[in-house]
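If you read the protein sequences in the order shown, they are chains A and B. Using the working numbering, the first residue of the first sequence is number 1, and each one after it goes up by one. Using the working numbering, the first residue of the second sequence is number 201, and each one after it goes up by one. Written below as structure tokens is the structure these notes are about.
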Amino acid sequence: MSDLPRWAQEDVWRKVAIWVTAGMFVVLIILTFDSVAVITAGSERVPAYSVINQRIYYRMDRERGFQAPVIGEEAPLFGTVLTEEEAAKMVSHGKLTVQAKNCINCHTLLGNGAYYAPDLTKSWLDPAWGNEAVRESMMVKFLMDPESNARGYGTNRKMPNLDITEEEARAVVAFLKWMSSIDTTGFPAGFPAIAQEGDR
Amino acid sequence: MNSIAIGTFSMTRLSGGQQLAIKYFAVAMVLFVAQCLFGLFAGLQYVMPEFGYNWLDFSVNRMVHINAMVVWMLYGFIGSVYWLVEEEAGTELVGLKLANLAFWVLTLAVTLVVLVYLFVQTGAGEIETIWFINEGREYIEAPRWADIGIVACVLVFFYNIAATFNKGSWSGISGVLVLDLVALAGLYLAGMFYTANISMDQYWWWWVIHLWVEATWEVLVGCIMAWGLMKTLGARRVVVTTWLYIEVALMFGSGILGLGHHYFWIGTPEYWLTIGGFFSALEPIPLVAMVVHAVYDSGVHKFRNANHPALAWLIAHAFGNFFGAGVWGFMHTLPQINLYTHGTQWTSSHGHLAFFGAYATIIIAVIYLAIQKARGDVHMGAGLATGWRWKWSFTLLNVGVVGMTMALLISGYEQSFVERALEGSSWSGYFAAQSTHWYMQGMYWREVWGVVTIVGLIILLWDLVTICADEKRASPVLNKATATA
């Protein structure tokens with residue numbers, strides 16, 4: 001045994017395994033402290049929930065080289081300005097509905113999920129939902145009765161009826177609007193966000 | 201005890217832990233069937249969207265497809281560890297009764313969860329739904345009550361394994377195994393909370409998903425592989441243990457920070473592009489080491505082995521793990537590519553080959569080893585009367601999964617080009633890609649290869665139940681030194 005070179009010794013590799021694992025884990029913990037602070041709602045990359053009171057753009061950022069959300073002037077969702085607390089409650093209700101209706105097993109959110117239906121990351125800004133004046137009500141109508149309002153672009157794919165109430169549908173729209181304000185480092189690339197008042 | 205004829209399946213030949221392992225394997229195979237069946241339904245919906253509409257929707261099929269897979273693999277791992285623990289520790293399992301109870305509790309919980317998935321499906325947008333129906337978070341959809349049950353059962357498992365080694369003797373393999381199980385169980389806790397903040401949600405969710413399948417599960421199968429090579433080939437303990445340490449160093453050295461490749465686009469800081477890209481690009485290296493290890497050991501022993509189907513599946517594991525997890529993962533892990541492939545059929549192509557190649561294969565290998573023993577250390581080498589069954593099931597399952605992988609990859613290419621690169625991921629862009637001729641061709645072929653896979657699975661199950669039933673020869677003893685070294 002002992003005549004084996006160091007690099008072939010069991011004992012040496014056991015120590016390497018322990019030190020490498022411990023070292024990497026420590027680095028991950030340190031980075032996690034930093035990342036968690038950066039993605040807490042109300043930070044620069046993940047805005048506070050009351051952002052749903054404002055217009056959200058998705059514009060090319062020349063300096064960073066990709067599109068990024070820009071928070072604009074006041075444009076309250078469903079015409080009502082909410083306090084931070086009310087907005088947080090509404091977005092949370094939307095997120096709970098997204099989980100309770102199992103949306104992620106057809107759609108992707110921030111690119112994660114299933115691939116049977118479109119990505120929802122920036123769906124609030126998607127041209128499919130018409131101009132600023134109609135999109136909120138179109139989305140609510142669709143969510144409450146996806147079968148009659150099906151939009152499968154000729155694929156025969158339809159969202160099933162999930163018994164979504166009007167309150168839940170409005171909360172989901174709030175969640176989607178808030179999600180569109182997250183800085184996702186340019187994902188999805190080349191997204192053709194709708195033109196809004198204030199766009200150059 | 202030895203009055204039972206060779207070839208007859210008898211639980212009395214097995215130790216308590218091994219009998220329990222057989223139960224885990226049986227449930228694992230039932231769930232394997234469920235996985236393939238619901239996968240077939242979900243795949244069918246791409247080509248026939250009307251199928252199951254409003255009663256067995258894609259979301260339900262896909263959830264059951266993947267959850268059944270995750271759970272059968274966990275059953276396979278738990279079974280494998282219970283199978284080897286007593287022999288490795290040189291003593292009896294410390295809490296067999298408790299372990300049996302945990303098995304039944306876990307199985308009952310899994311059954312309930314699946315029934316609720318199928319017959320209740322969704323609930324109102326309230327916290328109660330997350331507690332009792334469906335958590336709605338990909339891969340870990342099990343409602344919170346079941347999460348708590350799972351953690352309790354895993355703790356019983358962990359206690360049994362650690363305490364048994366403690367009572368008997370420790371080895372390099374058992375040391376790595378127990379530390380790995382601590383991490384595996386602990387990580388699950390990171391997925392058990394609710395937050396409205398989806399960035400935070402996905403940050404911790406990936407701790408469970410990535411650090412399971414790309415770190416702790418890999419090390420777990422590394423332990424099983426080390427033990428399996430000793431069993432099938434009679435490889436020397438010092439060799440497999442040294443390799444295991446090398447694999448652990450490489451796996452955790454690349455895989456822990458490789459987690460960063462899931463932090464490119466979820467709101468997390470931009471330094472993850474560099475860290476995640478770099479370390480995840482290194483992730484295939486330990487998998488290369490595993491291939492070298494398996495093939496080299498097999499070569500040294502001139503492929504003379506005690507269990508042909510088990511060794512075939514172990515070699516399939518080495519290559520499947522390398523290609524499925526390593527190569528297919530590497531292909532889209534750099535952020536410059538991932539920007540366009542993230543959330544497309546590329547991922548399902550990778551997922552199909554990786555989970556089958558890395559995990560399904562090795563569990564099947566251990567099941568063959570278990571059956572050999574339960575039939576009285578029967579001869580399971582060349583010249584079996586029903587040998588065509590394991591060869592055909594092996595071939596059809598591997599060819600079927602590789603076929604699905606290729607079909608999905610072609611659809612994935614098409615989707616990333618059309619939807620992502622050309623159309624910028626808009627809703628109309630999504631459907632434009634889904635409608636292209638080549639995308640749909642991939643979807644049809646995936647379904648065809650899915651059927652091939654299922655035929656392979658049916659033959660596999662038939663073989664597992666019947667192999668060596670009429671075999672009268674005893675297995676040769678390979679290397680007596682191995683058992684005691």
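Positions of the beta carbon are idealized from the N, C-alpha and C atoms, including for glycine. Here the structure is a predicted model, which is why all the values come from computation and not from measurement.
Identity of the residues DSSP links to V70 (chain A) by a beta bridge: A:Y57
Proximity test, Cβ basis, 8 Å: E338 (chain B) and chain A: yes
Three-state secondary structure assigned by DSSP to T561 (chain B): helix
Chain-ordered chain A contacts of T442 (chain B) [CB-CB under 8 Å]: A8, Q9, E10 and W13
Interface residues of the stretch 630 to 641 of chain B facing chain A [CB-CB below 8 Å]: Y630, F631, A632, Q634 and S635
Proximal chain B residues relative to D61 (chain A), where beta-carbon distance stays under 7 Å: Simply none; closest approach about 12 Å.
Straight-line Cα distance separating V356 (chain B) from R344 (chain B): 19 Å
Distance between beta carbons of V578 (chain B) and I206 (chain B), contact taken as under 8 Å: 5 Å
Where S210 (chain B) falls, given that 16 or more other Cβ within 10 Å makes a residue buried: exposed
Cβ neighbour criterion (16 or more within 10 Å) applied to F191 (chain A): buried
First through last residue of the alpha helix (DSSP H) which encompasses I182 (chain A): Run containing I182 (chain A): none; DSSP gives neither H nor E here.
Option in B:V439, B:F555 and B:S215 with minimal Cα separation from G427 (chain B): Just to set this straight, residue 427 (chain B) is Trp in the shown sequence, not Gly. Considering only alpha carbons, the answer is B:V439.
In DSSP terms, what M580 (chain B) is bridged to: B:N507
Nearest-angstrom Cα separation, counted from L125 (chain A) out to E74 (chain A): 16 Å
Rounded separation between I52 (chain A) and Q634 (chain B) - CA only: 32 Å
Chain B contact residues for R45 (chain A), given Cβ-Cβ distances below 9 Å: S399, G467, T468 and P469
Buried versus exposed, by CB contacts within 10 Å (16 or more), H462 (chain B): buried
Residue burial classification, S92 (chain A) (beta-carbon count within 10 angstroms, cutoff 16): buried
Any chain A beta carbon closer than 8 Å to Y540 (chain B): yes
Sheet register partners of G113 (chain A) (DSSP bridge): A:T108
Boundaries of the alpha helix (DSSP H) in which P535 (chain B) is found, first to last residue: P535 to T541
Chain B residues whose Cβ lies nearer than 7 Å to that of D3 (chain A): Ordered by position in chain B, no residue passes the 7 Å Cβ test against D3 (chain A), which lies about 13 Å from the chain.
Proximal residues to G217 (chain B) (C-beta, below 6 Å), its chain only, five neighbours per side dropped: Y282, V285, E286 and L293
Boundaries (first-last residue) of the alpha helix (DSSP H) holding P486 (chain B): P484 to V500
Straight-line gap, I659 (chain B) to F594 (chain B) (C-alpha atoms, nearest Å): 9 Å
A114 (chain A) vs R504 (chain B) beta-carbon contact at 8 Å: no
Segment limits, alpha helix (DSSP H) that includes E85 (chain A): E84 to A100
Residues that R157 (chain A) contacts on chain B, provided the C-beta gap is smaller than 9 Å: Q245, Y246, P249, F258, F631 and Q634
Distance between beta carbons of I424 (chain B) and V566 (chain B), contact taken as under 8 Å: 6 Å
Alpha helix (DSSP H) segments (min. 4 residues) lying fully within the stretch 214 to 255 of chain B: 216 to 247
Alpha-carbon spacing of K89 (chain A) relative to H552 (chain B), whole angstroms: 39 Å
Chain B contact for I29 (chain A) (CB, 8 Å cutoff): no
Residues within the stretch 542 to 572 of chain B neighbouring chain A, beta-carbon criterion of under 8 Å: H542, G543, T544, Q545, T547 and S548
Nearest residue (CA-CA) to W465 (chain B), options A:T97, A:I29, A:N112 and A:H107: A:N112
C-alpha distance - R460 (chain B) paired with I30 (chain A), whole-angstrom precision: At residue 460 (chain B) the sequence reads Gly, which differs from the Arg that was named. Rounded to the nearest angstrom, the two C-alpha atoms are 13 Å apart.
Close-in-space but distant-in-sequence residues of the same chain around G279 (chain B) (CB under 6 Å, 5 per side omitted): A221, Y224 and F225
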